Amino acid sequence: MKEIRVHGRGGMGNVTAAELLAQAAFADGKYAQAFPSFGAERQGAPVVAFVRIDDKPIRTRQQVYEPDFLIVQDAGLLYSSDIMEGLKPGGSVLVNTNRPGEELPIGKEFKIYTVPALQVAYEVIGRPIFNVVMVGAFACATGLVELEAVVAAIKERFPGELGEKEAEATRAACERLGECG
Amino acid sequence: MRVMLEGSRAVAEAVRLCRPNLVCAYPITPQTHIVEDLSQMVADGRLDAGYVLAESEFGAASIVLGGSAVGGRAYTATSSQGLLLMAEVIFNIAGLRLPVVMTCANRAVSAPINIWNDQQDAVSIRDSGWIQLFVEDNQEAVDTHIQAFKIAEELMIPVMVCMDGYVLTHTWEPVDLPEQDEVDRFLPLYSPAYRLDPDDPFTMGSMVGPDAYMETRYHVHMDMMEARAVIRRVCEEYSETFGRGGTGVIDTYDTKDADVVLVSMGSVLGTMRDAVDELRDEEGLKVGLIKVRCFRPFPTGAVHDAIKEAQTVGVIEKDISLGLEGTLCSEMRAAFCGEESPEISSFIMGLGGRDITKGDIKQVARDLASNPACRVEFRGLREDLMDGDER
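Keeping their order, the protein sequence lines are chains V and H.
Position 157, counted from 1, in the first sequence is what our numbering calls 200; the numbers after and before it change by one each time, with no gaps.
Position 26, counted from 1, in the second sequence is what our numbering calls 27; the numbers after and before it change by one each time, with no gaps.
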């Protein structure tokens with residue numbers, strides 16, 4: 044089983060990002076579970092969502108304390124709270140940032156992926172909808188879910204022109220992916 | 002059709018498949034998504050039902066009471082304070098023998114106000130005369146709602162489907178939604194033996210004095226006791242049609258040779274199953290578990306038989322009868338009625354949304370294995386908030 048924790052702030056679409064990942068994994072023929080950490084769902088407050096992906100049915104309901112992957116939608120959280128807590132040794136972090144991974148306060152034992160998701164969202168969608176860019180970047184970086192399954196999940200969730208643009212931004216994320224560690 | 006859905010949406014789809022005539026609710030978190038979806042279905046023409054947004058939960062319960070009394074298939078959903086505000090009407094619905102189906106998205110009760118999951122709401126209303134079924138995952142939530150209408154209408158007893166708020170209602174996971182024609186065959190249209198009708202008037206809910214009130218309670222009680230067999234049968238029929246959902250009143254897991262048996266209700270059972278597997282495989286502890294699916298009527302005989310050989314039993318529950326112990330624990334003990342019983346302990350956990358981890362569950366089992374004696378304990382309390390008051 045692979046476990047993912049999505050960190051962001053209220054309004055960034057963390058829960059939607061988690062749900063899209065689970066939907067994509069399901070479309071790939073896997074079992075998946077996505078749920079939010081219910082709490083201070085206020086604009087701007089730190090929030091967390093969780094995803095589990097497995098080849099067999101998932102029974103556990105506890106929150107994710109030792110994730111294999113972190114998705115960090117707001118790089119500022121790396122400085123203000125201990126969002127790295129519990130990440131498995133050798134685990135991966137995907138950060139929404141314009142800076143290179145080497146400059147981030149993340150230990151050398153972890154693999155770091157970066158993507159300028161906000162910038163990509165503005166360039167392709169014209170609006171700061173960067174959660175879909177993060178989900179696309181995650182698919183390309185980890186291979187845990189298929190990029191095309193993510194694109195399909197986005198188009199299903201957001202039919203019409205917006206979904207098309209989001210799908211384009213999701214694909215664009217892969218070309219802007221940086222990695223280190 | 003196998004789909005990936007949020008638990009609330011899965012329940013809304015299941016309710017739609019049951020073709021209710023009336024959906025009436027007042028939104029309260031974490032139940033809200035269910036009735037939002039149902040109102041959207043009515044607006045979109047996917048569900049041919051009346052949808053009434055009530056002014057309160059008291060109103061919502063009253064309106065489904067009326068809808069059911071005139072012969073409609075009526076559904077509502079609520080949580081926490083909403084259920085408590087419904088309380089007066091809840092008892093009336095049961096006493097009037099109206100087969101309303103309700104989803105209780107289980108949530109803690111105030112004060113202090115807390116919107117997160119535990120099961121105090123439904124457990125507090127256990128004596129109302131409703132059948133209460135607790136589900137473990139979203140597939141079981143779907144299946145149980147379809148079964149609930151059939152059970153309710155056969156017995157003329159209302160059914161409350163209890164699903165953990167957030168933990169199930171807000172979780173996306175795969176569910177298999179039945180086809181409409183399959184549900185139609187399993188659950189025929191509701192045709193009550195009696196209903197309020199201006200063309201054929203009669204009185205429902207008249208006053209009953211000391212000369213006959215007690216007999217009405219006796220009849221409801223006896224029908225509730227017999228409901229266990231009906232629930233089992235309906236679940237078997239469901240399983241024959243749909244290939245799943247056959248769990249009747251309890252489910253057992255690895256109990257046959259178990260020294261330690263853990264018992265619970267609702268979504269924590271999934272985590273508990275993983276914990277049992279690991280304790281057996283990695284620590285050689287003979288642990289089993291019992292899922293109490295039907296809380297009312299209480300499956301006394303089934304739980305008795307499932308735990309009688311155990312050395313010690315730990316009841317993990319997200320409610321407490323303040324001043325005594327966990328309610329489910331008391332009822333497990335009552336199943337022995339004077340007969341020699343295993344030690345049965347109460348573990349109060351997960352109140353107000355505190356996460357219950359696999360590690361927490363394994364520790365309860367280990368502690369019971371080393372000390373089987375009966376006790377009542379809170380687990381997972383924060384020492385920094387105890388002010389040294391540990392008694």
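For each residue, glycine too, the CB sits at the ideal point set by N, CA and C.
Quick caveat, the model's predicted, so the values are computed rather than measured.
Requested in this report: Measure from the alpha carbon of H:T170 to the alpha carbon of each residue in H:V12, H:M387, H:F379, then state which is nearest.
Outcome: Residue mapping note: residue 170 of chain H aligns to position 169 of the second sequence, counting from 1. For H:T170, the nearest C-alpha among the options comes from H:V12.
Report task. Verify whether the separation of the beta carbon atoms of H:G68 and H:N22 is less than 8 Å. Result -> Within the second sequence, numbered from 1, the residue matching residue 68 of chain H stands at position 67. Within the second sequence, numbered from 1, the residue matching residue 22 of chain H stands at position 21. It is a contact, given that the beta carbons lie within the stated cut-off.
Query raised in the report: In this structure, does DSSP put H:N115 in helix, strand or coil?
Result: Walking along the second sequence from the start, residue 115 of chain H turns up at place 114. Three-state result, H:N115: coil.
Requested in this report: Enumerate in chain order the residues of its own chain whose CB-to-CB distance from V:R142 is below 8 Å, with the five nearest sequence positions on each side excluded.
Outcome: Along the first sequence, one-based indexing puts residue 142 of chain V at 99. Hits under 8 Å: A118, T157.
Requested in this report: Using the Cα positions of H:R380 and H:E332, report the straight-line distance between them to the nearest angstrom.
Outcome: Here residue 380 of chain H corresponds to residue number 379 of the second sequence, with the count starting at 1. Here residue 332 of chain H corresponds to residue number 331 of the second sequence, with the count starting at 1. Taking the straight line joining both Cα atoms gives about 20 Å.
Report task. Using a Cβ-Cβ cut-off of 8 Å, state whether V:F69 counts as contacting chain H. Result -> By one-based count along the first sequence, residue 69 of chain V stands at place 26. Yes, contact with chain H.
Requested in this report: Mind checking which residues open and close the alpha helix (DSSP H) that includes H:F296?
Outcome: Against the second sequence, residue 296 of chain H aligns to sequence position 295. Taken as a continuous stretch (DSSP letters only), H:F296 belongs to no alpha helix (DSSP H), being part of the beta strand (DSSP E) at 295-297.
Query raised in the report: Measuring CA to CA, which of H:T172, H:S129, H:S125, H:S347 is closest to H:G1?
Result: The displayed coordinates of chain H run from 2 to 392. Any statement about residue 1 of chain H would go beyond what the structure contains.
Report task. Could you work out which residues of chain H lie near V:P110, taking near to mean beta carbons separated by less than 7 Å? Result -> Residue 110 of chain V sits at position 67 when you count from the first residue of the first sequence. The contacting residues do not exist; V:P110 stays about 14 Å from chain H at best.
Query - 8 Å Cβ cutoff, H:Y254 in contact with chain V - result: Counting from one through the second sequence, the residue named residue 254 of chain H turns up at place 253. It does not; no Cβ of chain V falls within 8 Å.
Query raised in the report: How about the segment 44-63 of chain H and the segment 201-208 of chain V: do they share at least three Cβ pairs that are nearer than 8 Å?
Result: no
Query raised in the report: Taking Cβ-Cβ distances shorter than 7 Å, what residues in chain V pair up with H:R274?
Result: Within the second sequence, the letter at position 273 stands for residue 274 of chain H. Chain V residues near H:R274: R102.
**Report entry** V:E189 and V:D71 closer than 8 Å at C-beta
**Finding:** Reading the first sequence from its first residue, position 146 is the one you call residue 189 of chain V. Reading the first sequence from its first residue, position 28 is the one you call residue 71 of chain V. Contact flag set, yes.
Query raised in the report: Could you give the distance in angstroms between the alpha-carbon of H:A259 and the alpha-carbon of H:V288?
Result: Counted from its first residue, the second sequence places residue 259 of chain H at position 258. Counted from its first residue, the second sequence places residue 288 of chain H at position 287. CA-CA distance, H:A259 to H:V288, rounds to 5 Å.
Query raised in the report: When the Cα atoms are used, what is the spatial distance from H:Q364 to H:A370?
Result: Position 363 of the second sequence, counted from the start, is the residue given in the question as residue 364 of chain H. Position 369 of the second sequence, counted from the start, is the residue given in the question as residue 370 of chain H. If you take the alpha carbons of H:Q364 and H:A370, they lie about 10 Å apart.
Query raised in the report: If contact means a Cβ-Cβ distance below 8 Å, which residues of the segment 162-182 of chain V contact chain H?
Result: none
Requested in this report: Verify whether the separation of the beta carbon atoms of H:V124 and H:V101 is less than 8 Å.
Outcome: Counted from its first residue, the second sequence places residue 124 of chain H at position 123. Counted from its first residue, the second sequence places residue 101 of chain H at position 100. The answer is no: Cβ separation not under 8 Å.
Query raised in the report: Which word fits H:D320, buried or exposed, when buried means at least 16 other C-beta atoms lie within 10 angstroms of its C-beta?
Result: Residue 320 of chain H sits at position 319 when you count from the first residue of the second sequence. Result: buried.
Query - Close beta carbons around V:T59, own chain, < 7 Å, minus the five adjacent residues each side - result: Start at 1 with the first residue of the first sequence, and residue 59 of chain V comes out as number 16. If we look at V:T59 and ignore the five residues flanking it on each side, its Cβ neighbours are N174.
Query raised in the report: Buried or exposed: where does H:L323 fall if 16 or more other Cβ atoms within 10 Å of its Cβ makes it buried?
Result: Your numbering for residue 323 of chain H matches position 322 in the second sequence. With fewer than 16 other Cβ atoms within 10 Å, it is exposed.
**Report entry** 3-residue-minimum beta strand (DSSP E) runs that sit fully inside the segment 285-323 of chain H, ordered along the chain
**Finding:** 288-293, 295-297, 313-318
Query raised in the report: V:A182 to V:A192, Cα distance in whole Å?
Result: Here residue 182 of chain V is taken as the residue at index 139 of the first sequence, counted from 1. Here residue 192 of chain V is taken as the residue at index 149 of the first sequence, counted from 1. Looking at the two C-alpha atoms, the distance is approximately 9 Å.
Requested in this report: May I ask you to report which of helix, strand or coil DSSP gives H:N107?
Outcome: Here residue 107 of chain H is taken as the residue at index 106 of the second sequence, counted from 1. Three-state DSSP puts H:N107 in a strand.
**Report entry** Contact with chain V by H:K359, beta-carbon distance below 8 Å
**Finding:** Mapped onto the second sequence, residue 359 of chain H falls at position 358. Closer than 8 Å to some Cβ of chain V, the Cβ of H:K359 qualifies, so yes.
Query raised in the report: What span of residues does the beta strand (DSSP E) with H:C25 cover, start to end?
Result: For the purposes of this step, residue 25 of chain H is taken as the residue at position 24 of the second sequence. Looking at the DSSP string, the run of the beta strand (DSSP E) that includes H:C25 is 23-26.
**Report entry** Test: V:Q106 CB closer than 8 Å to a CB of chain H
**Finding:** By 1-based counting over the first sequence, the position of residue 106 of chain V is 63. Yes, because at least one Cβ of chain H sits closer than 8 Å to the Cβ of V:Q106.
Query raised in the report: Name the residues in the segment 198-216 of chain V whose C-beta lies less than 8 Å from a C-beta of chain H; which are they?
Result: none
Query raised in the report: Using a C-beta cutoff of 8 Å, does H:P175 count as contacting chain V?
Result: Locating residue 175 of chain H in the second sequence gives position 174, counting from the first residue. Output row for H:P175: interface = yes.
Query raised in the report: Excluding sequence positions up to five away, which residues of its chain have a Cβ less than 8 Å from the Cβ of H:A307?
Result: Within the second sequence, residue 307 of chain H is the residue found at index 306, counting from 1. Answer for H:A307: I251, T253, T256, V262, I291, listed in chain order.
Query raised in the report: CA-CA distance, H:L352 and H:D122?
Result: The residue you call residue 352 of chain H lines up with position 351 of the second sequence. The residue you call residue 122 of chain H lines up with position 121 of the second sequence. Our two residues, H:L352 and H:D122, have alpha carbons roughly 11 Å apart in a direct line.
Query raised in the report: Quick one: is H:A44 buried, meaning 16 or more other Cβ sit within 10 Å of its Cβ, or exposed?
Result: Your numbering for residue 44 of chain H matches position 43 in the second sequence. The residue is exposed, with fewer than 16 neighbouring Cβ atoms inside 10 Å.
Query raised in the report: Counting only beta-carbon atoms, is V:F153 nearer than 8 Å to chain H?
Result: Here residue 153 of chain V refers to the residue found at position 110 of the first sequence. Answer no: the Cβ-Cβ gap between V:F153 and chain H never drops below 8 Å.
Report task. Could you check the C-alpha separation between H:M2 and H:W131 for me, to the nearest Å? Result -> Along the second sequence, one-based indexing puts residue 2 of chain H at 1. Along the second sequence, one-based indexing puts residue 131 of chain H at 130. Rounded to the nearest whole angstrom, the C-alpha separation of H:M2 and H:W131 is 31 Å.
Requested in this report: List in chain order: all unbroken alpha helix (DSSP H) runs of 4+ residues lying wholly within the segment 32-78 of chain H.
Outcome: 33-45, 58-70
Query raised in the report: For H:M226, which residues from the same chain have a beta carbon less than 8 Å from its beta carbon, with the 5 sequence-adjacent residues on both sides left out?
Result: For the purposes of this step, residue 226 of chain H is identified with residue 225 of the second sequence, where counting begins at 1. If we look at H:M226 and ignore the five residues flanking it on each side, its Cβ neighbours are P298.
Query raised in the report: H:T248 CB to nearest chain V CB: under 8 Å?
Result: Mapped onto the second sequence, residue 248 of chain H falls at position 247. By this cut-off, H:T248 is not an interface position.
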